[in-house]
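Down below is the structure, laid out as structure tokens.
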Amino acid sequence: MTSSKVYESSGLHRVADRERGTSLSKLSKVVPKAMGSSRSSGPRKLANVLASLVIGFALATWLRMVWVPAGNSCNSPNFQRNDPFLSTPEPNHPSKNLLMVGVMTAAIFLETRAVAVNRTWAQTIPGQVAFFSSGASNVPPEWNLPVISLPGVTDAYPPQKKSFMMLKYMHDNFIDKYEWFMRADDDVYLRGDRMETFLRSLNSSHTYFIGQAGRGKVEELGLLHLESDDNFCMGGTGMVFSRATLRKMIPHVSYCLKNLWSTHEDVEVGRCIKKFAGIDCTWSYEVR
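In UniProt numbering, the protein residues as written are 1 to 288.
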């Protein structure tokens with residue numbers, strides 16, 4: 001009986017004992033022959049002793065395989081840790097430095113929206129998720145929430161300064177660690193597995209500004225100061241920036257904050273990227 005058959009049986013120990021008894025009975029018949037009688041010749045005795053040792057070693061190995069399955073060890077790669085706050089990927093995981101997501105939130109939403117995000121889709125991101133709030137935000141340690149309080153930034157709406165300063169923070173501290181960066185709201189839901197599949201099909205050394213492209217509402221036509229062929233990535237669904245895009249845009253954040261043409265944060269981010277990275281929000285047909 002093979003080890004696979006042993007596991008299929010509900011009487012695991014009985015089958016194992018029966019197999020062990022059968023094997024031991026066979027061994028008991030072999031050992032006397034191996035030991036031989038006093039009339040056996042020297043070389044024959046030696047050969048039989050060696051044969052018994054080989055059989056004994058094989059039997060011990062077989063019993064170990066039956067009784068101690070390797071997959072049940074806590075050191076096995078299949079052993080899973082069920083910590084809901086475990087957001088750091090395993091060491092040497094090839095996808096751990098793919099994407100950093102900056103979630104824009106406010107102090108009043110840290111205990112609700114931010115905690116919910118951290119316990120759910122943040123665990124699926126192939127990289128890191130951080131929550132950006134005002135400089136006055138305080139987080140109790142028991143929330144286990146990676147919050148970055150931006151100095152000089154308030155939770156006022158529209159969050160133009162918060163958005164630009166968040167992108168600057170990610171650029172200044174993580175530009176060499178991650179290939180892609182994302183600005184997200186605290187009420188959005190992301191599929192980390194699909195994000196990884198999509199982003200790995202693109203080259204982060206090229207300039208990309210990805211999201212749901214928009215041109216503003218009809219009643220805002222002409223008020224956003226956009227050219228006829230300009231667009232922007234709408235903030236509600238999130239904005240994705242390649243490393244190359246942030247490198248071109250971030251050195252000019254101060255200029256962009258001093259030259260705001262509308263009250264819409266997503267419009268102004270798009271305007272800044274168009275001016276200094278030379279690209280619009282990517283239309284869906286361009287990345288199919």
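Idealized CB from N, CA, C, for every residue including glycine.
The region 150-170 makes no contact with the region 210-222, as fewer than three CB pairs between them are under 8 Å. The shortest CA-to-CA distance from threonine 207 to any of Arg243, Arg119, Gly238 and Glu196 is the one to Arg243.
Considering only Leu202, Arg183 and Phe209, the residue with the shortest C-alpha distance to glycine 235 is Arg183. In the assembly as shown, proline 126 is a buried residue. Its beta-carbon has 16 or more other beta-carbons within 10 Å. For the pair leucine 246 and aspartate 176, the Cα-to-Cα distance works out to about 11 Å. In the three-state DSSP reduction, alanine 114 falls in the helix class (H, G or I). If you look at arginine 247, you'll find it in the alpha helix (DSSP H) that goes 243-249. Using a Cβ distance threshold of 9 Å, valine 240 and tryptophan 283 do not count as a contacting pair. Leucine 110 counts as buried, since no fewer than 16 other beta carbons sit within 10 angstroms of its beta carbon. DSSP links phenylalanine 276 through a beta bridge to no other residue. Within the DSSP bridge table, the entry for valine 101 names Val129 and Met182 as partners.
Rounded to the nearest whole angstrom, the C-alpha separation of arginine 119 and proline 141 is 15 Å.
Non-local C-beta neighbours of isoleucine 250 in its own chain, meaning closer than 6 Å and more than five positions away in sequence, comprise Lys168 and His171, ordered along the chain.
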